[in-house]
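Protein chains in written order, with our numbering: chain A, 65 to 300; chain B, 2 to 458.
Where is the CB? At the ideal position from N, CA and C, for every residue including glycine.
So the structure is just underneath, and the comments pick up after that.
Now the structure itself:
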């Protein structure tokens, strides 16, 4: 078999949201039987057909790097984690639909990756509200996935889905909500599978077909104020 | 009338402590989790509030604030409430939340948690048998019975923590023990880590491709079934001899993943050591380094004293304050008003002991909580921590009696009844010694093992 081109996608999120189950589902089309704590980083590979069904169809390897840990980890853990963030082509942000804090922490996760060049210890304290500019400037495609959908009661579903829609909008990203223990959410042809496919296509495009976006930009005029806190526009 | 005033003062302070416990819970412990069961937060804050009130009563005792009879009343009431919480409420809720996590038993939560609570009570009661803790004059359900057992558990915990803390503190503070770590070491390790990840990826690529071709072949053959299907599937799998290969590759991948985890942890360790080296060069670092030498002397002295106490079967009769005053009066010939000074000095001493032990415990609990909790088990762990905290504080009261002059000890002796206090001190010494010595051994082994890892290629 010929050696295929590859792209690297990070899977980030708090401890216990279901990243390992998600990666297992995406790569092996099977449910993960015994999820255990991820130490360091675990990688899995998915074979993806770019532009499936068209004459330009080409197969790529998508490496899913599932980085374990939490945003509040010690700075030594954060420094070690940054070694995995090199030459990233796409980011999947995973949060737990039953846990609001995990959704809020996604901002910190994304900034940890996007700012890694200028902030090796990973400590970022920001003042003011998050504005879309930061994420509009970003060239790396993002995807927001919410897990444990089955544990949300029917009555609360609408409220939760509205909140996650705002979240995805902040990141300028698509969103998928599913349950990692049920493969039917990603069944071929479902809207989730289409969104996923589109995301991977976008990642491949950014990497191989748009030459000038190979560099990952930093944020030169980022404010760094001590003791500040960030406010979240959409939730209290 | 004065009783009402006193009670209102006590209740106000209790509300303040409750608020502090609530804030601590929300800001520190449950920083990354969502509080879904408010019962847990309430129980934690209530335990904290009543524990702090006990210390407050000791301070009031020394300072002579409030009416003596109202103090006694509040002592009794406080003690009853704390014992109620520690022995009845928290164990029950621990059982309840533990059972709720198990999906199978979800429907019959209540009966199972009652069962767990009864098991706990049985072992809790049995705990009192091997220890000579109280005179056999008391009934079954008296305060003395419960306190004696709670005291044993709490004192064991205190001694374990003290022993480990006494050894770990100088080890962490002193820069003598810091291993030398350079940037090149870290870079080399990171490179190895990334190489391992690349190897894992290339193997996984082969596996993914193999799975994909098998899947596609499977579609073409349309899943044969029946007798002929079995024959077909046998012949079909022969050219696709990638099946046994997959298991072999999977084993290699498992080994590589284990290696990558170890490398990751080693790199984290190196980064942490590097940060500590940088910190030790700052002014604060040098100050802590100096403190470390001081603490190591203190630690050696404490171990020595504990051994002496056990070997010579000696329990300190006088408290440090009175002894200090005796020394200054008799040997140094300095005359001063004994009563006045003994009150103030014991207040300061006891106050320092209380504050440092509360602060130390809260910090240790937080670290412990971050290390082991996950979103499923956070409730159970917080309740366990509340239980530990309550038992710890109750036993602190038992042991602090030794640090106070005779006239202030009476209230504790009165309220807690006829416990064999000397036993608790002896037990503390024994466990402290055991804990300190095993911590020394443990740290020695850990320290020895680490540098060798970096020498190997």
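Would you report the Cα separation of residue i and residue j, rounded to the nearest angstrom?
i                     : j                     : result
residue 243 (chain A) : residue 211 (chain A) : 5 Å
residue 21 (chain B)  : residue 382 (chain B) : 20 Å
residue 429 (chain B) : residue 142 (chain A) : 40 Å
residue 441 (chain B) : residue 173 (chain B) : 13 Å
residue 186 (chain A) : residue 275 (chain B) : Note that residue 186 (chain A) scores 41 on pLDDT, short of 50, meaning its location in the model is unreliable and no value can be drawn from it.
residue 222 (chain B) : residue 93 (chain A)  : Confidence at residue 222 (chain B) is low in this model, with a pLDDT of 47, below 50, so its placement is unreliable and the value that follows should be read with caution. So the two alpha carbons sit approximately 20 Å from each other.
residue 135 (chain A) : residue 422 (chain B) : 47 Å
residue 166 (chain B) : residue 396 (chain B) : 18 Å
residue 407 (chain B) : residue 345 (chain B) : 14 Å
residue 373 (chain B) : residue 227 (chain A) : 30 Å
residue 117 (chain A) : residue 179 (chain A) : 37 Å
residue 84 (chain B)  : residue 52 (chain B)  : 11 Å
residue 493 (chain B) : residue 378 (chain B) : Because chain B is modelled from 2 through 458, residue 493 (chain B) falls outside the range shown and cannot be assessed.
residue 132 (chain A) : residue 107 (chain A) : 11 Å
residue 100 (chain B) : residue 215 (chain A) : 18 Å
residue 126 (chain A) : residue 215 (chain B) : 19 Å
residue 75 (chain A)  : residue 156 (chain A) : 5 Å
residue 194 (chain B) : residue 265 (chain B) : 7 Å
residue 400 (chain B) : residue 198 (chain B) : 54 Å
residue 445 (chain B) : residue 169 (chain B) : 11 Å
residue 257 (chain B) : residue 201 (chain B) : 6 Å
Could you say which of the options lies nearest to residue i if we only look at CA atoms?
i                     : options                    : result
residue 62 (chain B)  : B:386, B:447, B:293, B:416 : B:416
residue 177 (chain A) : A:215, A:148, A:272, A:161 : A:148
residue 125 (chain B) : B:88, B:109, B:303, B:216  : B:88
residue 72 (chain B)  : B:7, B:110, B:85           : B:7
residue 170 (chain A) : A:114, A:122, A:93, A:233  : A:233
residue 150 (chain A) : A:114, A:132, A:71         : A:71
residue 93 (chain B)  : B:74, B:113, B:80, B:78    : B:113
residue 160 (chain B) : B:304, B:360, B:344        : B:304
residue 128 (chain A) : A:160, A:100, A:83, A:115  : A:83
residue 154 (chain B) : B:388, B:97, B:347         : B:388
residue 412 (chain B) : B:77, B:197, B:198         : B:77
residue 112 (chain A) : B:380, B:183, B:212        : B:212
residue 100 (chain A) : A:160, A:85, A:172         : A:85
residue 203 (chain A) : A:245, A:268, A:164, A:104 : A:268
residue 96 (chain B)  : B:294, B:41, B:50, B:152   : B:41
residue 435 (chain B) : B:307, B:186, B:123, B:49  : B:307
Could you work out which residues of chain B lie near residue i, taking near to mean beta carbons separated by less than 7 Å?
i                     : result
residue 307 (chain A) : The displayed coordinates of chain A run from 65 to 300. Any statement about residue 307 (chain A) would go beyond what the structure contains.
residue 144 (chain A) : 265, 268, 269, 272
residue 147 (chain A) : 191, 194, 195
residue 91 (chain A)  : 209
Cβ closer than 9 Å: which chain A residues qualify as neighbours of residue i?
i                    : result
residue 28 (chain B) : What residue 28 (chain B) touches in chain A: nothing, since even the nearest Cβ is about 12 Å away.
Just to confirm, does residue i get its C-beta within under 7 Å of one of the non-hydrogen atoms of the ligand SAM?
i                     : result
residue 137 (chain A) : With respect to the ligand SAM, the structure offers nothing, as it holds no ligand at all.
Residues of chain A with a CB under 7 Å from the CB of residue i: which are they?
i                     : result
residue 258 (chain B) : 106
residue 276 (chain B) : 139, 140
residue 35 (chain B)  : 163, 164, 165
List the residues of chain A whose Cβ lies closer than 8 Å to the Cβ of residue i, in chain order.
i                     : result
residue 273 (chain B) : 138, 140
residue 253 (chain B) : Those do not exist, as residue 253 (chain B) stays about 14 Å from chain A at its closest Cβ, beyond 8 Å.
residue 262 (chain B) : 103, 104
residue 200 (chain B) : Under the 8 Å cutoff, chain A gives no residues; its nearest Cβ is about 10 Å from residue 200 (chain B).
residue 213 (chain B) : 111
Run down chain B in chain order and give the residues with a C-beta less than 9 Å from the C-beta of residue i.
i                     : result
residue 110 (chain A) : 209
With a threshold of 8 Å between beta-carbons, can residue i be considered close to chain D, or not?
i                     : result
residue 258 (chain B) : In summary, chain D is missing from the structure at hand, where the protein chains are A and B.
Margin query: Going residue by residue through the stretch 168–197 of chain B, where are the continuous alpha helix (DSSP H) segments of at least 4 residues, counting only ones entirely within it?
Written below: none
Next item on the list: For the stretch 389–446 of chain B, list the beta strand (DSSP E) runs that are entirely contained and at least 3 residues long, ordered along the chain.
Entry: none
Notebook entry, point to check: Whole alpha helix (DSSP H) runs in the stretch 188–276 of chain A with 4 or more residues, listed along the chain?
Noted result: 196–200, 218–235, 255–268
Margin query: Going residue by residue through the stretch 39–84 of chain B, where are the continuous alpha helix (DSSP H) segments of at least 4 residues, counting only ones entirely within it?
Written below: Segments of the alpha helix (DSSP H) lying fully in the stretch 39–84 of chain B: 39–64, 69–84.
Checklist line | Residue ranges of each beta strand (DSSP E) within the stretch 102–182 of chain A, 3 or longer | finding: 105–114, 122–131, 154–160
Margin query: Beta carbons nearer than 9 Å to chain B: which residues of the stretch 150–171 of chain A have them?
Written below: 150, 160, 162, 163, 164, 165, 166, 169
Check: Curious, which full-length alpha helix (DSSP H) runs of at least 4 residues does the stretch 237–283 of chain B contain?
Finding: 243–281
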